Amino acid sequence: MDEQQKQKDIEEQIISLERVLQTLREEENVDVLLEATLNYLQTEFEDYQVIWIGLYDRTGHRLFGKGGIVPKGEITFLKQRFTLNPGDLLEQVVIQLRPVSIPDLREETRAGEWRKAAQTFDVRGTIIFPLRYKDRCYGVVLLGSETWGLSPKAGEKAQMSVIFGALAAALYQIEADWQRQQARHPDEPLLTLISQLGKIRSLDRCLQAVVEQTHQFIEPARTNVYWFERERRYFWRRVSNRQVAPGLGAGNRPASGITVQDLGGFYQALANEQIVWIGESHSSLRSEVTGRLMQQIRARSLLAAPIILETELLGFLAVEANEPRIWQEDEKSYLRGAAQLVGLTAPLSEMEDKIRQVELDRDLTAGVARAIYSDADWLETLKTTSEKLCDRLSAEHFLLLLREPDRGQFEIIWQNQPPNRRKLASPLKALDASELKVFEESAQPMAIENWEEDKRLAAWRDALGEQGARSLLVCSTGRKKEEGRRKKEEKENTNLNSVEGLVVIGHDAARTWNRSERELVAIASQQLGLIIHQWELQQQIQNQHKFYQTLESGLAILWQAHSDQLLQQFSGGESNSRENIPQKQLERSFTQHIAEAVGCPLVALITWTAGAKEGQIAASAAASPLFALNLNVDIPVQTDFLIQNALKASGMLHLNMSDLPLATKRWLRSPGISQILVVALRTAPEHEPTGIVLAADAQGRPWPELSVDLLSILAAQLAWSRRYLTVQATLESQREELEWLNWYKQRRLEELYRTVGSGVKQLGELSQSAALPGKEQKDTLTTLRYQQLLRQIGNALASTNLLLKQEQWRLHNAVEVIAVASLLRRSLERVDLLVKQSNIQLQVYRESNSALPSGQVLSIRGDSIKLELVVYELLVIACRRSVSGGKIEIRCKRLDEQWLELAIADNGNVEPQLISDFNSGTPRDILLSSTLEKPPGQHLIICQRVVRQMSGNLYMELLDDGMVVVRLLLPLGSA
584 MDEQQKQKDI EEQIISLERV LQTLREEENV DVLLEATLNY LQTEFEDYQV
634 IWIGLYDRTG HRLFGKGGIV PKGEITFLKQ RFTLNPGDLL EQVVIQLRPV
684 SIPDLREETR AGEWRKAAQT FDVRGTIIFP LRYKDRCYGV VLLGSETWGL
734 SPKAGEKAQM SVIFGALAAA LYQIEADWQR QQARHPDEPL LTLISQLGKI
784 RSLDRCLQAV VEQTHQFIEP ARTNVYWFER ERRYFWRRVS NRQVAPGLGA
834 GNRPASGITV QDLGGFYQAL ANEQIVWIGE SHSSLRSEVT GRLMQQIRAR
884 SLLAAPIILE TELLGFLAVE ANEPRIWQED EKSYLRGAAQ LVGLTAPLSE
934 MEDKIRQVEL DRDLTAGVAR AIYSDADWLE TLKTTSEKLC DRLSAEHFLL
984 LLREPDRGQF EIIWQNQPPN RRKLASPLKA LDASELKVFE ESAQPMAIEN
1034 WEEDKRLAAW RDALGEQGAR SLLVCSTGRK KEEGRRKKEE KENTNLNSVE
1084 GLVVIGHDAA RTWNRSEREL VAIASQQLGL IIHQWELQQQ IQNQHKFYQT
1134 LESGLAILWQ AHSDQLLQQF SGGESNSREN IPQKQLERSF TQHIAEAVGC
1184 PLVALITWTA GAKEGQIAAS AAASPLFALN LNVDIPVQTD FLIQNALKAS
1234 GMLHLNMSDL PLATKRWLRS PGISQILVVA LRTAPEHEPT GIVLAADAQG
1284 RPWPELSVDL LSILAAQLAW SRRYLTVQAT LESQREELEW LNWYKQRRLE
1334 ELYRTVGSGV KQLGELSQSA ALPGKEQKDT LTTLRYQQLL RQIGNALAST
1384 NLLLKQEQWR LHNAVEVIAV ASLLRRSLER VDLLVKQSNI QLQVYRESNS
1434 ALPSGQVLSI RGDSIKLELV VYELLVIACR RSVSGGKIEI RCKRLDEQWL
1484 ELAIADNGNV EPQLISDFNS GTPRDILLSS TLEKPPGQHL IICQRVVRQM
1534 SGNLYMELLD DGMVVVRLLL PLGSA
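Mapping of the sequence shown onto the numbering used here: residues 584 to 1558, in sequence order.
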């Protein structure tokens, strides 16, 4: 029977709970909800004699009593307002949102007024529940009992949690519905405002309509529109509501303008399209800015929205209050929307002015474009453009800058300054990499409104600051592509977009640059960039033309040096000297040419022979005595710092005079030298350099890249030419010596063969005659003949032995005094057989010795064997070109005290080209065939060189009567 009763009680509890929950879900009246909750608690929880419900006021931080149940029926206390103080039990429940159990409420010191009530109502065990929904407190419920320490059981706590949660949810819904009903909707007044603005054409009337509508919706003390003055950088009050000024005294009247200089943070917030709000104990600005701003506008609260047109700040719409005020989100949304409407309608109201300004800007940029694509003087174009831009922008300064790629400095191509101010000195300093990156990545101008507040372009602050510029508009003229000018960049194959030039517009006062001004400067900068690019191309073309002209003239000098060497080799005038005259001339001429081409005050050539320990200054070209060098100094090649570093460097080496040790400064002494460029004369990697080219200049002068390249190329050409001339001279000398040696040995072998052969033949004949019967084998006469023949053969072999020992690869000239008669006699003996075979009449006309002092004979100085062979060779050539029965005349006479002429004349046939080639020495083109490449021309040339080595000479001519004359000019000797 007890179990059935329990089951029945549980079912009744569930039904009662379901009924009260349904009421809490459906009812929208707070009193009904509270009454239903109280009835349920009184019915279901009979152990609690006191039940109280209080609703929480968040604004006042207090509880409003909504009634309850007490034992004696006195409910006045239950409808009081209870202020929540720190440390109270009720505040703890409200803040922590957790229930609190009290064993005896009468003894609880933190119960506040409820402690006295507990003593009155005899309440002991008490529990206080929060009415919580989504971490938000809507009130509390207090349940008190006369039993000490009474607390609800687990099931009772669950019931209470369900009921109180449902009550809190219902209260939340009621509050949300009430807030929606009370909230103002900014869309409706904004739609009304849009319809009004569509019928208005005047900007001031549009602003007045916006101010009136805004003032009506937000209901502040004042509503204003402030307009921005860019050139002076301040906001001036353009439109205000009609209630602004009459109610204010002179001391409390707000300022008619707001300066940006004092309120930089306020201006920056508006420029960044941020709404500014200042209210009760809250502000979107820093405290110091807030204080100055509120002092100027004479207000306690402010809500301001920026008026923006395509990122350009036109002004702001502001509502002001004389008391601290919390600005609601709907008010902020409305003000932002109203300000945006002003930004949209502002260009329509100013359309005519903007159209006129656009036409003027179009004419300005079109004029620049026409000047670029016409033949007009580009300096005149820059002058006109700078003046028009300064007039249009009300600016005082205009600069057109060209960036130097090497140092990063900016050369001033053109500048327009006020008449009473001096011109800026060029170049301007290089900018930071971060600032250059801004110009490289964007074609938009960099605007500096106030240089005192803006830290950008600090490198120019001193130069432009002295001119009075305080605000700048700087734009790139375009970007150009640079492909590794440095070897490192070439290896890495890096391509850089770099700033080619900059246009700088400066104003003497702080100001703001609007969008149209920035766009105008951007367009003009791009067009001026074309002028710079054309000017650079023109300079490059001129430099390249000069570059190729210099190379052409340098190659002409090299060609002339090669021609001079050929003339020297075959003219024979100085063939006995080891000095290479054309190479010396080349070094002097080419050094002077390099100095003129590079534009350097000193160019010097230091050379040495391979393996030598010391070098010399072979040539020097100095523009003034300040750069002159001592040409007679010896330079230690193996230990000199400058030479060794130049040889180790792979290319051009750049040094300062301070980098050189004292040993190098001893020979490189010149007061004008401060910086040095030096390059080794290299040809192939396997070739050892034998010189360096040194270029020196004063301190501070930059080395242009074109000049450095030109110096490197010309030095390489000089290196190859010097090597070519040296190798050519060496090979030609070796070839000549081998030709002489071959001719000489050939003739000596012929003489040996003739002498030895004749002796062997005679010895055979003597042997046969000695073997005849009836005669003695060894009579005295035969013995003497044997001895004579053996002596002749021995002498021939002895002279041949001297040839083998001393003249293996080079002729050896002996200096002897030779009697002319002996020379002719021996030469005629050699040629006697050929003369007889050719049936030629040979006549010799010799000068009598009577003209000589007593005891002396006519003699010459030289190598007897070689002179004998030369005369023999000339006689052989004369016999071979003569016809049978012809005549050869030999005339010998003294010309003066020093010279003897030996002339051989014949009436034989000779090619005129042979005489011409012999007298000219060599053809201009060595590859062309010549009569001097084979005998008899080849032998004539050899004879001439042999005679010249003995300080003589050999000439050949064709007389008018057809006689061919070969003249030997020989130095006289004393016998």
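Glycine included, every Cβ here is placed at the ideal spot set by N, Cα and C. Fair warning: this is a prediction, and the values are worked out from it, not measured in the lab.
Among residues of its own chain, excluding the 5 on either side of residue i, which ones have a beta-carbon nearer than 7 Å to its beta-carbon?
i     : result
E611  : I757
N905  : A804, A882 and R883
V1418 : L1425 and C1462
Considering Cα atoms alone, identify which of the options is closest to residue i.
i     : options                       : result
E1032 : N1097, Q1168, T806 and G1491  : N1097
K1020 : I1124, S1059 and Y623         : S1059
F747  : L714, L918, E771 and E1322    : L714
S1295 : R1330, L1236 and S1257        : L1236
A579  : L1416, R1444, L1367 and V1427 : Look at the range of the chain in this structure, 584 to 1558, and you will see that residue 579 is not part of it.
N807  : R813, R815 and Q791           : Q791
L1113 : H1090, L1085 and R1101        : L1085
G991  : A1299, V1530, A1202 and S1009 : S1009
R820  : D787, F849 and T666           : D787
C720  : Y639, T775 and G695           : Y639
Q1345 : L1478, A978, L1332 and R1374  : R1374
V1440 : V1400, S1447 and V1414        : V1400
L754  : G637, E771, I783 and F849     : G637
E814  : S977, N668 and R869           : S977
E1083 : A1092, R1094, R1101 and Q1110 : Q1110
Q1420 : G1469, I861, R1094 and A1046  : G1469
V1087 : K649, Q1199 and L1040         : L1040
Assign residue i to one of two classes, buried (16 or more other C-beta atoms within 10 Å of its C-beta) or exposed (fewer than that).
i     : result
S969  : buried
H1270 : exposed
H644  : exposed
A1281 : exposed
W997  : buried
A1381 : exposed
H1090 : buried
V1261 : buried
I593  : exposed
DSSP on residue i, reduced to helix/strand/coil?
i     : result
V843  : coil
P669  : coil
D1091 : coil
L1555 : strand
H644  : coil
D1223 : coil
M1240 : helix
A1178 : helix
I1423 : coil
R1550 : strand
W635  : strand
W1096 : coil
K649  : strand
L1542 : coil
Q1199 : strand
A1232 : coil
A901  : strand
In chain order, what residues of the same chain lie with their CB nearer than 6 Å to the CB of residue i, ignoring the 5 residues before and after it?
i     : result
G1520 : L1497 and T1514
A887  : V859, F899 and A901
M535  : Past the boundaries of the shown model lies residue 535; the chain is included only from 584 to 1558, so the question cannot be answered.
W1043 : L1011
L1452 : R1330
R602  : none
Please list, in chain order, all residues of the same chain as residue i whose beta carbon is under 8 Å from its beta carbon, the five residues on each side excluded.
i    : result
S599 : Y623, T626 and E627
L853 : V859, A887, P889, L896 and F899
Continuous beta strand (DSSP E) assignments of at least 3 residues falling wholly in the stretch 1428-1498: 1442-1445, 1470-1477 and 1482-1489
In chain order, each beta strand (DSSP E) run of at least 3 residues that lies wholly inside the stretch 672-744: 683-685, 709-715 and 720-727
In chain order, each alpha helix (DSSP H) run of at least 4 residues that lies wholly inside the stretch 956-1034: 961-976 and 1016-1024
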